[in-house]
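Following: one structure in structure tokens, then a few remarks.
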Amino acid sequence: AQFMEIGYLCHLKDPANNSLELLQDTFEKNFVKPEPKPELTLGQPAKIGQITIRSSNIDATLALYEKALGMKLLSIQSVDKYGFVLYFLAFTEENPPNSEDLHAVENREWLWQRPYTTLEIQYKDGFDLNALDSEVGVGGMEISAEEDPRPGLTEAKVHFTEVEDNKVQIIDNDGFIVWVKF
Numbered sequence: 111a112q113f114m115e116i117g118y119l120c121h122l123k124d125p126a127n128n129s130l131e132l133l134q135d136t137f138e139k140n141f142v143k144p145e146p147k148p149e150l151t152l153g154q155p156a157k158i159g160q161i162t163i164r165s166s167n168i169d170a171t172l173a174l175y176e177k178a179l180g181m182k183l184l185s186i187q188s189v190d191k192y193g194f195v196l197y198f199l200a201f202t203e204e205n206p207p208n209s210e211d212l213h214a215v216e217n218r219e220w221l222w223q224r225p226y227t228t229l230e231i232q233y234k235d236g237f238d239l240n241a242l243d244s245e246v247g248v249g250g251m252e253i254s255a256e257e258d259p260r261p262g263l264t265e266a267k268v269h270f271t272e273v274e275d276n277k278v279q280i281i282d283n284d285g286f287i288v289w290v291k292f
């Protein structure tokens, strides 16, 4: 179903009880049903569109991903009814259709159609995120960067640990672990 002016989506749980969100590339009003492809699990091509994390301090979180790691902020989506704001970033040089206003609704369908995975940060004032696990997929994620992130992390005064050649570990302000391969 169409969720406000955010996206045409549905939610479900996997066998391990993790939440999954299926998001169409267009809003419901622009949706054109594709020909079914029975050989595909979902009946049509699919991609991992977003990885979602939560933040209790959006300034510190954006400083890490945008400033220190070099991701680009592509869209900001306020969900006032539920008291949170969504921030979408990616390693890209692309600009959204309305790059002067990252809150613009016209940027959203464009964002869902990107061929790369974006990072979705859900921010809500007062989030208590102290009970995260440290496993990848629970309280951590691994991302790949084209360039060595260490100079940007050092300049931004972000503590990191070198865990192996071409891989560092960062713990963000909410205790979320990020492994960066480069």
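Converting from the sequence shown to our numbering requires adding 110 to each position, the first position being numbered 1.
We put the CB at the ideal spot given by N, CA and C, even for glycine.
7 Å CB neighbourhood of residue i in its chain, flanking five on each side removed
i: N167; result: N283
i: T271; result: V278 and Q279
i: T202; result: K182 and Y226
i: G193; result: K234
Between the CA atoms of residue j and residue i - distance to the nearest angstrom
i: L119; j: V268; result: 36 Å
i: F137; j: A266; result: 38 Å
i: I158; j: G285; result: 24 Å
i: N128; j: L263; result: 31 Å
i: E210; j: E252; result: 31 Å
i: A170; j: I231; result: 12 Å
i: S165; j: D124; result: 24 Å
i: V288; j: Y233; result: 18 Å
i: V273; j: L150; result: 38 Å
i: K191; j: N276; result: 43 Å
i: E176; j: F292; result: 17 Å
Three-state secondary structure assigned by DSSP to residue i
i: K267; result: coil
i: I116; result: coil
i: A111; result: coil
i: R164; result: strand
i: L199; result: strand
i: Y175; result: helix
i: Y226; result: coil
i: G236; result: coil
i: L184; result: strand
i: K291; result: strand
i: G159; result: coil
i: G262; result: helix
i: E219; result: helix
Contacting residues, own chain, Cβ-Cβ under 8 Å from residue i (five flanking each side not counted)
i: T227; result: K157, I158, G159, Q160, I161 and A200
The ligand HEM heavy atom lying under 7 Å from the CB of residue i
i: G117; result: Within the structure as shown, the ligand HEM is missing, as the structure has no ligands at all.
Close Cβ partners of residue i (< 6 Å) along its chain, the five nearest in sequence each way excluded
i: D243; result: Below a pLDDT of 50, predicted positions are generally treated as unreliable, and D243, at 49, falls in that range; the measurement from the model is reported next regardless. Excluding residues within five positions, the ones whose Cβ falls inside 6 Å are G249.
Supposed contact pair residue j and residue i - C-beta distance, whole angstroms, cut 8 Å
i: S185; j: R218; result: 7 Å
i: I116; j: Q187; result: 6 Å
i: L130; j: L122; result: 5 Å
i: N205; j: A214; result: In fact, because the Cβ distance is near 12 Å, the residues do not count as touching under 8 Å.
i: L221; j: F198; result: 6 Å
Requested in this report: List in chain order: all unbroken beta strand (DSSP E) runs of 3+ residues lying wholly within the segment 119-150.
Outcome: 129-133
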